[in-house]
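Numbering (the working numbering), first residue to last: 48 to 470. We treat Cβ as the ideally placed atom computed from N, Cα and C, and that holds for glycine. Below is one structure, written out as structure tokens, with a few remarks after it.
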Amino acid sequence: MTEKESVSTSTNPLKNNHVVVIIGGGPAGSSCAIKLKKLALQKGIKPRIIVYEGKRFEKKSYYNQCLGVLSPPLNKIMEEELETPFPWHIIQKRINGYYVYSDKNSLKLSGEHEPSYACRRVEFDNYLFEKAKEMGVEVIPARVTDIDFSTDGVMVFSESNNIKADAVIGAFGLDDGIAKIFERLTPYRQPKFLSSIVTKIHPGHKAMAEFGDYLHAFLPSSLPDVEFGAITPKGNHLSLNVAGKKVNAEMMDKFLNLPRVREALPDNLDAFLPCLYYFKGKFPTLPARGAYGDRYVMIGDAAGLNRPFKGKGINSAIITGIRAAENIVNHGISEDAFKKYLKSCSELTEDIPYGKTLRYLTITASKYGLLDSIFETAKKEKALRRAFFNIVSGQETYKKTWQETKNFKLFSRLVFKAIASKF
């Protein structure tokens with residue numbers, strides 16, 4: 048057995064003075080750093096934890112395409128598992144329900160449930176980042192430019208310095224540059240993703256009050272390249288986004304002019320159209336391949352362990368960050384040790400097949416213009432209405448919804464029955 052094979056088959060436990068580099072200081076990276084620091088202190092281990100982050104979170108001036116909706120049970124995850132207070136002070140709007148639209152119909156979803164909360168994503172990122180620094184995590188304000196793997200560590204190169212690490216944690220989201228570096232050197236392959244176009248309008252206090260505290264979601268069959276769109280109320284503005292495999296700025300223009308979207312938006316929309324700024328981003332829909340190996344592991348969007356239909360990316364980021372930290376402290380930094388990391392994320396991975404099925408059924412129903420009749424049925428069927436609520440809010444796993452209510456079977460029967468009636 049070679050020296051390299053010997054390293055990869057051992058647990059290689061975390062030790063004093065080990066260096067752990069986290070690439071990215073967003074919710075995944077900061078949560079991982081916080082949890083890793085706390086667990087190491089509990090075990091009497093003193094590793095050096097370093098976060099590389101090129102953005103200046105404290106300036107709150109950068110753009111993030113995530114809409115900043117914090118969904119249950121995020122508050123419990125943060126307070127019970129991360130042992131970090133939920134940032135109630137940055138909440139801008141309580142989301143109490145949802146409207147879901149097809150091209151010709153709509154469905155109001157509300158009931159007994161916990162609300163979601165809207166905030167500025169940049170403020171949430173900065174909050175967690177500052178908590179990591181308060182824990183004594185070392186921060187290097189620079190982008191990583193390259194890495195080199197060897198049998199005894201990982202050399203991390205950046206815009207400001209070079210550091211020899213014992214393990215590297217990828218919390219870089221869907222950054223193409225860093226992803227290509229890992230793809231060149233490891234079995235890692237970036238997850239499949241949807242593109243997203245985001246903009247916002249400030250219609251004034253009166254219009255915001257009239258809009259209310261419901262999020263509006265759209266499944267438009269008339270825009271085949273748009274998988275879904277949404278209008279999310281914030282403190283003093285409305286955030287709008289569209290998502291799909293091939294969405295672009297033109298798709299947002301068309302979305303803004305859909306009759307159902309126009310009905311939901313304030314009457315003074317035309318006054319804002321010439322001044323809108325569009326931002327483009329992306330989010331994963333399937334897990335990454337090779338998300339872990341000897342001395343490296345991916346978390347957050349880089350791992351792609353989001354729910355395939357309703358992303359809940361912030362929740363997934365924090366959960367995977369926590370699980371990776373637990374794995375490193377309890378099992379080590381080898382490839383064999385990181386196999387346990389993926390198993391510990393079963394709450395996310397086990398939901399993926401159910402989410403893929405639901406996403407397919409919903410896209411099929413929208414494509415063939417079947418949602419109008421399905422919405423009419425849902426207005427009478429509490430089980431189907433509850434299923435739609437879970438689709439939009441993400442408050443229950445798809446697996447749990449299937450097991451408890453069999454809503455997916457009802458939904459699939461309706462879809463295929465409606466398809467059959469067309470032929």
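- Terminal residues of the continuous beta strand (DSSP E) containing Asn143? It is not in any beta strand (DSSP E) - Asn143 carries neither H nor E in the DSSP assignment.
- Answer yes if the region 416-429 comes into contact with the region 359-376, meaning at least three C-beta pairs across the two stretches below 8 angstroms, and no otherwise. no
- Message: Cutting at 7 angstroms between CB atoms, please list the residues of its own chain near Cys166, excluding the five before and the five after it.
- Response: Gly115, Leu117, Ile137, Ile138 and Gln139
- Mind checking whether Ala290 and Ser363 have CB atoms under 8 angstroms apart? no
- Item | Cβ pair count under 8 angstroms reaching 3, the region 171-184 against the region 89-105 | yes
- Contact check, Leu61 vs Ile346 under 8 angstroms by CB: the rounded distance? So it is not a contact: roughly 16 angstroms between Cβ atoms.
- Message: Below 8 angstroms on the Cβ atoms is my contact criterion, and I expect Phe240 with Gly276 to pass it. Report the Cβ-Cβ distance as a whole number of Å.
- Response: With a Cβ gap of about 17 angstroms, Phe240 and Gly276 do not count as contacting.
- In chain order, which beta strand (DSSP E) runs of at least 3 residues are fully inside the region 238-325? 240-248, 261-265, 275-280 and 285-291
- Go through its chain and collect everything with a Cβ distance to Met182's Cβ below 8 angstroms, but skip five positions before and after it. Ala80, Ile81, Lys84 and Lys85
- Message: Once the 5 residues before and after Thr444 are set aside, which same chain residues still bring their CB inside 6 angstroms of it?
- Response: Asp398
- Task: With distances taken Cα to Cα, identify the nearest neighbour of Val186 among Thr411, Ile70 and Ile438.
- Result: Ile70
- Task: State the Cα-Cα distance for the pair Leu156 and Arg432, rounded to the nearest angstrom.
- Result: 7 angstroms
- Tell me, please, which residues DSSP counts as bridged to Gly339. First, the amino acid is wrong: residue 339 is Tyr here, not Gly. Per DSSP, Val344.
- Item | Pro400 (DSSP reduced to helix, strand or coil) | helix
- Item | Buried or exposed (CB count within 10 angstroms, at least 16 for buried), Tyr415 | exposed
- Item | Straight-line gap, Lys211 to Val66 (C-alpha atoms, nearest Å) | 7 angstroms
- Query: How long is the line joining the alpha carbons of Asn59 and Trp135, rounded to whole angstroms?
  - Reply: 40 angstroms
- Message: Quick check on the burial criterion: 16 or more other C-beta atoms within 10 angstroms. Buried or exposed for Gln89?
- Response: exposed
- Helix, strand or coil: which one does DSSP assign to Lys426? helix
- Within this structure, are the beta carbons of Tyr99 and Ser205 separated by less than 8 angstroms? yes
- Quick one: what's Phe204 bridged to in DSSP? Asp193 and Asn209
- Query: Which class does Arg168 belong to by DSSP, given the choice of helix, strand or coil?
  - Reply: helix
- Query: What whole-angstrom Cβ distance do Leu352 and Leu395 have, given they're in contact under 8 angstroms?
  - Reply: 4 angstroms
- Query: What number of angstroms, rounded off, separates the C-alpha of Met255 from the C-alpha of Tyr261?
  - Reply: 11 angstroms
- Find out if the Cβ-Cβ distance for the pair Phe219, Ala412 is shorter than 8 angstroms. no
- Residue closest to Pro280, alpha-carbon to alpha-carbon, out of Gly144, Ala335 and Glu127: Gly144
- Task: Go through its chain and collect everything with a Cβ distance to Asn63's Cβ below 8 angstroms, but skip five positions before and after it.
- Result: Ile92, Lys93 and Pro94
- Roughly how many angstroms separate the alpha carbons of Phe258 and Val147, rounded to a whole number? 15 angstroms
- Message: I need the straight-line Cα distance from Asp87 to Lys247, nearest angstrom please.
- Response: First, the residue type needs correcting, since residue 87 is Ala and not Asp in the sequence shown. Approximately 42 angstroms between the Cα atoms of the pair.
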